[in-house]
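Enquirer: I'd like to ask some things about the structure below.
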Amino acid sequence: MAKPNVVSKQELIEAAKQCIVEQGLEKLTLKMVAERIGVTQGTVYYHFQTKDRLMLDVVKDVCERSWNEFSALQTKEFVVSEALGAAKERGGPDSFFHRLFLSLVVFSLKHEETRKELGALISFENGVLADRLRHLAGAENPQPSSETSGSGDRPKTDPPNGETTRRGRQEAESGTDDADDRLMGMSFEVWAVVINAIFDGLAVHSLVSPALDRNKVFTELGRFFERLLREAKPE
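Numbering (this note's numbering), first residue to last: 267 to 501.
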């Protein structure tokens with residue numbers, strides 16, 4: 267029996283996420299979401315009208331949650347072991363987040379608005395990580411690379427097409443290349459991109475290669491990053 271039409275839009279989005287992870291994006295329909303949560307198809311249609319509209323709202327929800335997590339990171343003492351532990355959990359073979367995220371990446375290849383949303387999220391994550399790395403290396407006090415929007419709900423980010431972050435762009439325009447703002451000869455912005463790419467790549471490996479020894483990989487990554495930051499930090 268269908269539930270009364272008191273289900274919230276957020277509940278429908280959560281049901282859609284479960285459907286995507288379990289059945290795949292191609293099979294997702296408004297009817298499937300309705301059956302999943304036990305309401306009429308008309309209830310789902312009232313909130314979303316089309317599958318594309320539903321998908322965009324799912325993407326925005328994923329991005330908002332990640333933005334909130336990374337925004338909290340800006341005000342929290344950053345510990346390498348904790349960060350690696352979180353990345354390991356988030357990118358595990360049974361990780362709901364990465365299964366959903368990779369499905370959305372595939373969807374975004376043919377949907378420009380979704381691609382922009384995901385690109386902005388990745389750009390923001392890179393900016394926050396660059397600031398924390400800079401702080402850990404003792405280069406200077408972190409200056410968030412992302413800016414909040416006028417509403418305060420979401421940070422503005424640089425274009426997600428591989429351009430430098432705001433800090434890097436300002437340096438490029440002024441012609442400066444501050445050696446103190448580099449780690450082993452590479453800028454913190456580039457380190458952030460590389461590190462996040464490593465984690466995303468490991469998430470893919472975890473999904474398709476059960477033989478991957480994730481404990482060994484993350485343990486050795488931890489040693490590498492700890493040593494890298496220790497050697498870079500001024501006495």
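We put the beta carbon where it would ideally sit given N, CA and C, even for glycine.
(1) Roughly how many angstroms lie between the CA atoms of R365 and D466, to the nearest whole one?
(2) Please state if the CB of L291 and the CB of C329 are separated by a distance shorter than 9 Å.
(3) According to the neighbour-count rule (16 or more other Cβ atoms, all chains shown, within 10 Å of its Cβ), is M450 buried or exposed?
(4) For D397 and F314, I'd like the C-alpha separation in whole angstroms.
(5) Distance check for S374 and G357, CA to CA, integer angstroms please.
(6) Is L449 helix, strand or coil when you go by DSSP?
(7) Within 10 angstroms of the Cβ of S347, are there 16 or more other Cβ atoms? Answer buried if so, exposed if not.
(8) Given a threshold of 16 other Cβ atoms within 10 Å of its Cβ, counted over all protein chains shown, does A477 qualify as buried or as exposed?
(9) Q307 by DSSP, collapsed to three states: which one?
(10) Span of the alpha helix (DSSP H) holding G385?
(11) Would you decide whether M321 is buried or exposed? Buried here means 16 or more other CB atoms lie within 10 Å of its CB.
(12) Can you tell me which of the three DSSP states A353 falls into?
(13) Does R493 pass the burial test, meaning 16 or more other C-beta atoms within 10 Å, or should it be called exposed?
(14) Can you tell me which of the three DSSP states K275 falls into?
(15) Closest to I286 by C-alpha separation, out of L468, V325 and E383, would be which residue?
(16) Using alpha carbons as the reference points, say which of R480, E497, D327 and F490 lies closest to E355.
Expert: Checking against the coordinates, here is how it stands:
(1) Taking the Cα positions, R365 is about 11 Å away from D466.
(2) No, the pair does not count as a contact, with Cβ atoms beyond the cut-off.
(3) Counting of Cβ neighbours within 10 angstroms places M450 among the exposed residues, the total staying below 16.
(4) Within the model, the alpha-carbon separation for D397 versus F314 is close to 38 Å.
(5) Going by the C-alpha atoms only, they are around 20 Å apart.
(6) Strand at L449.
(7) Around the beta carbon of S347, fewer than 16 other beta carbons lie within 10 angstroms, which makes this residue exposed.
(8) Result: exposed.
(9) Assignment of Q307 by DSSP, reduced to helix, strand and coil, places it in the helix class.
(10) From DSSP, the alpha helix (DSSP H) with G385 extends over E378 to L402.
(11) Buried is the call here.
(12) Shown here, A353 sits in a helix according to DSSP, grouped into three states.
(13) Around the Cβ of R493, a 10 Å sphere holds fewer than 16 other Cβ atoms; the residue is exposed.
(14) Three-state result, K275: helix.
(15) Of all alpha-carbon atoms in L468, V325 and E383, the one lying nearest the alpha-carbon of I286 is that of V325.
(16) Of all alpha-carbon atoms in R480, E497, D327 and F490, the one lying nearest the alpha-carbon of E355 is that of R480.
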